[in-house]
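Everything in the sequence shown is counted per our numbering, starting at 46 for the first residue and increasing by one. In this text, a Cβ means the ideal position worked out from N, Cα and C, and glycines have one as well. These numbers come from a predicted model, not from an experiment. This report concerns only the one structure given below.
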Amino acid sequence: MGRGKVELKRIENKINRQVTFAKRRNGLLKKAYELSVLCDAEVALIIFSTRGKLYEFCSTSRYSTSSYIYIYIYSFFLSLFFYMN
Numbered sequence: 046m047g048r049g050k051v052e053l054k055r056i057e058n059k060i061n062r063q064v065t066f067a068k069r070r071n072g073l074l075k076k077a078y079e080l081s082v083l084c085d086a087e088v089a090l091i092i093f094s095t096r097g098k099l100y101e102f103c104s105t106s107r108y109s110t111s112s113y114i115y116i117y118i119y120s121f122f123l124s125l126f127f128y129m130n
């Protein structure tokens, strides 16, 4: 039998919120790594904490995470250009 639905709401206790953030961040980074290995996908993940600290994951060493963002934005605008013309 599966778990019941969990109501998602902001955690009011600051310490509990930070602990939950750290645990979920690590879980998300692990999932990104697993996705890249199992599916041979190129994965880039960026996470900002409430204090503005940056956490990032990039599945390949060819590019940095920010390079992947620039490549995505460039290809998006390039496809828009060709779509408009």
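If you look at I116, you'll find it in the alpha helix (DSSP H) that goes T110 to M129. The alpha-carbon of L90 is positioned some 19 Å away from that of Q63. Assigned with DSSP and collapsed to three states, A89 falls in strand. Inclusion of F102 and V82 in the CB contact set at 9 Å is not warranted, their separation being larger than that value. Looking at I92, M129 and S109, the one whose alpha-carbon comes closest to that of R69 is I92.
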